[in-house]
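Everything below concerns the one structure shown next.
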Amino acid sequence: MEVQETRVQTDRVLTIPNILSMARLVGVPLFLWLILRPVFGGHSDGWALLVLALSGVSDYLDGKLARRWNQISNLGRLLDPAADRLYILSTLVGLTWREILPLWLTGILLARELMLLVAVGILRRHGYPPPQVNFLGKAATFNLMYAFPLLLLSDGNGWLASLAEVFGWAFAGWGTTLYWWAGILYVVQVRRLVKADTAAD
Numbered sequence: 072m073e074v075q076e077t078r079v080q081t082d083r084v085l086t087i088p089n090i091l092s093m094a095r096l097v098g099v100p101l102f103l104w105l106i107l108r109p110v111f112g113g114h115s116d117g118w119a120l121l122v123l124a125l126s127g128v129s130d131y132l133d134g135k136l137a138r139r140w141n142q143i144s145n146l147g148r149l150l151d152p153a154a155d156r157l158y159i160l161s162t163l164v165g166l167t168w169r170e171i172l173p174l175w176l177t178g179i180l181l182a183r184e185l186m187l188l189v190a191v192g193i194l195r196r197h198g199y200p201p202p203q204v205n206f207l208g209k210a211a212t213f214n215l216m217y218a219f220p221l222l223l224l225s226d227g228n229g230w231l232a233s234l235a236e237v238f239g240w241a242f243a244g245w246g247t248t249l250y251w252w253a254g255i256l257y258v259v260q261v262r263r264l265v266k267a268d269t270a271a272d
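So, in structure tokens, the structure goes:
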């Protein structure tokens, strides 16, 4: 189901929601460095988890505040999904490199991103902006953002690591399924727009 946005969108840049989204983007390379430190002999999983948790909080806040304070902007519509995707991609790179995530799961998630990249390219060729984030896509992202920290936490010993592994894979399964479902809905939406555009010509 597509989220219908009824509030006025603006071209403002320096809004609190946009600043939160920019901060999330700045945190992406920091997070990737922290998560890869064990590969080079360091250990920063605790800090990586903290950065990821702060990213999740800011992801919730930027959308909430944008709607509450009528600060929905064109830039925000680009920054928010971009930050989501970059965090997911950086986490995939880090966890796959550390062999916490199997290559097949990484391949499935990356294939979905490639499919959306092609769909957005088709939309732009027909003069349409990228599709708005729908509820299903947000739900998928939230599931994956829960799954990744838990799977990172499972890279250890003891009952906590075992429990994190069980819940991490549960969230990963739901997240991956919803991620693809949302992606297919985007493609269906793109197909309808392009078909309508072709029929109008």
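Adding 71 to a residue's 1-based position in the sequence shown gives its number in my numbering. For each residue, glycine too, the CB sits at the ideal point set by N, CA and C.
Could you pull out every residue in the same chain whose Cβ sits closer than 6 Å to the Cβ of G246, ignoring the five residues on either side in sequence?
For the purposes of this step, residue 246 is identified with residue 175 of the sequence shown, where counting begins at 1. So the list reads A211, N214, L215 and A218, once near-sequence residues are dropped.
Per DSSP, what kind of secondary structure is S129 in: helix, strand or coil?
As a first step, residue 129 is located in the sequence shown; it is residue number 58 there, counting from the start. Of the three classes helix, strand and coil, the one that applies to S129 here is helix, per DSSP.
Report buried or exposed for L206, applying the criterion of at least 16 other Cβ atoms within 10 angstroms of its Cβ.
Along the sequence shown, one-based indexing puts residue 206 at 135. Residue 206 is actually Phe in this sequence, not Leu. So F206 ends up on the exposed side.
Can you tell me whether S115 is helix, strand or coil according to DSSP?
Counted from its first residue, the sequence shown places residue 115 at position 44. Coil.
Under DSSP, the alpha helix (DSSP H) around S92 begins and ends at which residues?
Looking up residue 92 in the sequence shown gives position 21. Looking at the DSSP string, the run of the alpha helix (DSSP H) that includes S92 is I87 to L107.
Going straight from the alpha carbon of L146 to that of N228, what length do you get?
Within the sequence shown, numbered from 1, the residue matching residue 146 stands at position 75. Within the sequence shown, numbered from 1, the residue matching residue 228 stands at position 157. Approximately 43 Å, taken between the alpha carbons.
Would you report the Cα separation of L274 and E170, rounded to the nearest angstrom?
Residue 274 falls outside the range modelled here, since the chain spans only 72 to 272, and no answer is possible.
Hey, how far is the Cα of L234 from the Cα of I159?
Stepping through the sequence shown from its first residue, residue 234 is reached at position 163. Stepping through the sequence shown from its first residue, residue 159 is reached at position 88. Taking the straight line joining both Cα atoms gives about 22 Å.
Secondary structure of S144, DSSP reduced to three states:
Here residue 144 refers to the residue found at position 73 of the sequence shown. DSSP places S144 in strand when its eight states are reduced to three.
L96 versus Q203 - alpha carbon distance
By 1-based counting over the sequence shown, the position of residue 96 is 25. By 1-based counting over the sequence shown, the position of residue 203 is 132. Cα to Cα, L96 sits roughly 19 Å from Q203.
Residue burial classification, G117 (beta-carbon count within 10 angstroms, cutoff 16)
In the sequence shown, residue 117 corresponds to position 46, counting from 1. G117 comes out exposed.
Any alpha helix (DSSP H) of 4 or more consecutive residues that is wholly inside the region 191-245
Entirely contained in the region 191-245, the alpha helix (DSSP H) runs reaching 4 residues are, in chain order, 206-224.
I143 to Q260, Cα distance in whole Å?
In the sequence shown, residue 143 corresponds to position 72, counting from 1. In the sequence shown, residue 260 corresponds to position 189, counting from 1. Rounded to the nearest angstrom, the two C-alpha atoms are 23 Å apart.
Contact belief for L101 with G165 at Cβ below 8 Å, rounded distance in angstroms
Your numbering for residue 101 matches position 30 in the sequence shown. Your numbering for residue 165 matches position 94 in the sequence shown. Actually they are not in contact, since the Cβ atoms of L101 and G165 sit about 12 Å apart, beyond 8 Å.
Other residues of its chain near S126: CB distance less than 8 Å, five sequence neighbours each side excluded
Here residue 126 is taken as the residue at index 55 of the sequence shown, counted from 1. For S126, where only same-chain residues beyond five positions count, the Cβ hits under 8 Å are R95, G98, F102, A154, Y158 and M216.
Residue from L123, S92, D268 and L121 whose Cα sits closest to the Cα of Y199
In the sequence shown, counting from the first residue as 1, residue 199 sits at position 128. Out of L123, S92, D268 and L121, D268 has the C-alpha closest to the C-alpha of Y199.
Between A232 and L224, how many whole angstroms is the CB-CB distance? I'm expecting something under 8 Å.
For the purposes of this step, residue 232 is identified with residue 161 of the sequence shown, where counting begins at 1. For the purposes of this step, residue 224 is identified with residue 153 of the sequence shown, where counting begins at 1. Between L224 and A232 the Cβ distance is about 7 Å, and since that is below 8 Å, they are a contact.
C-alpha distance - M186 paired with G254, whole-angstrom precision:
Position 115 of the sequence shown, counted from the start, is the residue given in the question as residue 186. Position 183 of the sequence shown, counted from the start, is the residue given in the question as residue 254. Taking the straight line joining both Cα atoms gives about 8 Å.
Taking buried to mean at least 16 other C-beta atoms within 10 Å of its own C-beta, is P88 buried or exposed?
Taking the sequence shown and counting its residues from 1, one reaches residue 88 at position 17. Buried, since its Cβ has 16 or more Cβ neighbours within 10 Å.
Once you ignore the five residues that flank L120 on each side, which residues in its own chain have a CB closer than 6 Å to its CB?
Position 49 of the sequence shown, counted from the first residue, corresponds to residue 120. P220, listed in sequence order.
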